[in-house]
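Undergrad: Residue numbers (this note's numbering), protein chains in the order written: chain B, 60 to 303; chain P, 62 to 250. All C-beta atoms in this analysis are idealised placements derived from N, C-alpha and C, irrespective of residue type, glycine included.
1. Under DSSP, the beta strand (DSSP E) around residue 121 of chain P begins and ends at which residues?
2. Give a yes or no on whether 8 Å exceeds the smallest Cβ distance from residue 110 of chain P to chain C.
3. In angstroms, rounded to a whole number, what distance separates the CA positions of residue 88 of chain B and residue 147 of chain B?
4. What residue does the beta strand (DSSP E) around residue 299 of chain B start on, and which one ends it?
5. Any C-beta of chain P sitting closer than 8 Å to the C-beta of residue 197 of chain B?
6. Rounded to the nearest angstrom, what separates residue 74 of chain P and residue 107 of chain P at their Cα positions?
7. Could you name each continuous beta strand (DSSP E) segment of 3 residues or more that falls completely within the stretch 162 to 232 of chain P, going from the start of the chain to the end?
8. Quick one: which chain B residues come within Cβ less than 8 Å of residue 226 of chain P?
9. Report the three-state DSSP secondary structure of residue 141 of chain P (helix, strand or coil).
10. What does a CB cutoff of less than 7 Å around residue 266 of chain B pick up in its chain, not counting 5 residues either side in sequence?
11. My understanding is that residue 79 of chain B touches residue 98 of chain B, with C-beta atoms under 8 Å, so please give their C-beta distance in whole angstroms.
12. Within the 8 Å Cβ cut-off, does residue 69 of chain P reach chain B?
13. Would you kindly work out how many angstroms separate the C-alpha atoms of residue 152 of chain P and residue 192 of chain P, rounded to a whole number?
14. For residue 77 of chain P, does the three-state DSSP call read helix, strand or coil?
15. Once the 5 residues before and after residue 80 of chain P are set aside, which same chain residues still bring their CB inside 6 Å of it?
16. For residue 176 of chain P, is the classification buried or exposed, using 16 other Cβ atoms within 10 angstroms of its Cβ as the cut-off for buried?
17. First and last residue of the alpha helix (DSSP H) that includes residue 128 of chain P?
18. Let's see if you can read the secondary structure: which residues bound the alpha helix (DSSP H) around residue 110 of chain P?
19. Between the stretch 119 to 133 of chain B and chain P, which residues of the former have CB atoms less than 9 Å from a CB of the latter, in chain order?
20. Closer than 9 Å, Cβ to Cβ, to anything on chain P: give me those residues from the stretch 174 to 186 of chain B, in chain order.
21. Just list the residues that DSSP pairs residue 84 of chain P with in beta bridges.
22. Buried or exposed: where does residue 197 of chain B fall if 16 or more other Cβ atoms within 10 Å of its Cβ makes it buried?
23. Should residue 122 of chain P go down as buried or exposed, given a rule of 16 or more other Cβ atoms within 10 Å for buried?
24. Please report the straight-line C-alpha distance between residue 160 of chain P and residue 183 of chain P, rounded to a whole angstrom.
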C-alpha cells in the first residue's frame, strides 16, 4: 500500500492556526489553547520530518502559543480589588487573527474580480507618428546618433560579417582607400543622382575598413557642409543629399 | 462643438490613445468643460451598454479607457493563443488587499498583519505595476509607503479605491464575529 502524504501549504502561522481552528470546529474567541498548541507543534514536527524549511515566523507563533498556554495554566491571583478587565491572554492573538482573516477574505474576492477582469481586453498603446507640417524643409535633420545606429546596422549585417568571421588570423593591410578618395566617390555619386541612400553607399563593400572609411567620409562631408543627411521617419533609411 | 461631435471625438481619442486618459486631458481636447465631457461619457457608457456593442468605457479614478466587454471573451479566445496566466499567488493577493485598504502602508505594517515576510509579494506587485511607492513615512529609517496604482483599479475592475468592497459588510458574513467586543474594537480603529 502506498503512502499518501498530504501537506497543505500555509501562507504563514496565522493560516495554519485558522486551519487548525476550522478542523477542530472550535470558536475563534474561545480557543482551546492546549489542544491547538499541541496540534500546532505536531505540525511543525511533521514539517521538520519532511525536511521543510520552518521559517522563523512559525517558531515565533509556537513560542506565543506556549506562552499563552502557560499563562492560562498559572493560577490567577485573586486580588481584593475588583479589576474591571481581566485580560484574556488569548485576546491579542485573536485580535491579530481576526484582522488577518479580514484580508484573507478580501484576497478571495480579489481573486474572483481578477478572473472576471481577465476577460476584458485593452488595446496596447501604439506609437503614433505625426509628420511635422510647419517646417518648410520636409526632411528632418539627422542626429549623429542616428548615423551611428545606421552604421552599426550595416556592420552587423550578415553580409559584412561573413567574410571575416571564419578567419582566425589577422593580417594588417595597407589602407586601400582613403577617406579623401571616398569623399570624392560620394560627391561623384551625388552628381549623378539627386539623392542617395545611406545604406547604398556601402552596398559594394564587404571589408570592415572600407565600411569605416565610408562612414568617416560621410561624417567629414557633413562637417564640411558638402552634403545633408536626413531621415523621413523613425528607423527608415537615411538619405544623403548634396548641399547646393 | 455640439454633443454628438464631442462624443465622436472622445471615442476617436480614447481609441487611438488606448491608455487611460484623464477627464482633464479629454476636456482640453474637445475644448469643453469637464462636467460636459463627463456627462457625454456617461451617455456614451449608456449607449454602449444598451445597444449591441462589443466595447465599453472603463472608468478608473477619473481616467477613461476603451475595453472589450467581458461577454465576448469566449469569441476573442478563439483568436488568442491560450497562455498560462495563473494570476496572482495567494501571498500576493493577501498583500495587495492589505495595501488596498490600509494604504499608504509600510512593509512592516503589512507584515504585522500577515505574520510573515512580504518582500517577495511586494516585489511581484511592484513588477506588475499594481502598487507603487507612495512616499515615505517620516519616522526613523524613513520606510517606504506603498499604495495602489491605476493599473490596480483596471486589473480588478474598480472605479476608484472607494469602490472597494466594504470591510464592514464583510464582517456580517462571518457569523462568529458578530456582537463581540474585539470586533467593535477593530471597527473603531
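TA: So, to answer that:
1. 116 to 121
2. Here the protein chains are B and P, and chain C is not one of them.
3. 10 Å
4. For residue 299 of chain B, the enclosing beta strand (DSSP E) starts and ends at 297 to 301.
5. Only weak support is given to the placement of residue 197 of chain B: the predicted model assigns it a pLDDT of 45, under 50, and the value that follows is read from those uncertain coordinates. Chain P contact via Cβ: absent.
6. 18 Å
7. 192 to 197, 205 to 209
8. 165, 168
9. Coil.
10. Within the same chain, residue 266 of chain B has no close Cβ partners at all.
11. 5 Å
12. no
13. 14 Å
14. Under the three-state reduction of DSSP, residue 77 of chain P is assigned to helix.
15. Answer for residue 80 of chain P: no residue qualifies.
16. So residue 176 of chain P counts as buried.
17. Premise fails: residue 128 of chain P lies in the beta strand (DSSP E), 124 to 129, not in any alpha helix (DSSP H).
18. It spans 95 to 111 - the alpha helix (DSSP H) in which residue 110 of chain P sits, taken as one unbroken run.
19. 119, 120
20. 174, 175, 176, 177, 178, 179, 180, 181, 182, 183, 184, 185
21. None; residue 84 of chain P has no bridge partner.
22. Note that residue 197 of chain B scores 45 on pLDDT, short of 50, meaning its location in the model is unreliable; the coordinates nonetheless yield the value given after this. Residue 197 of chain B should be labelled exposed.
23. Answer is buried; the Cβ neighbour count reaches 16.
24. Rounded to whole angstroms, residue 160 of chain P to residue 183 of chain P spans 10 Å at the Cα level.
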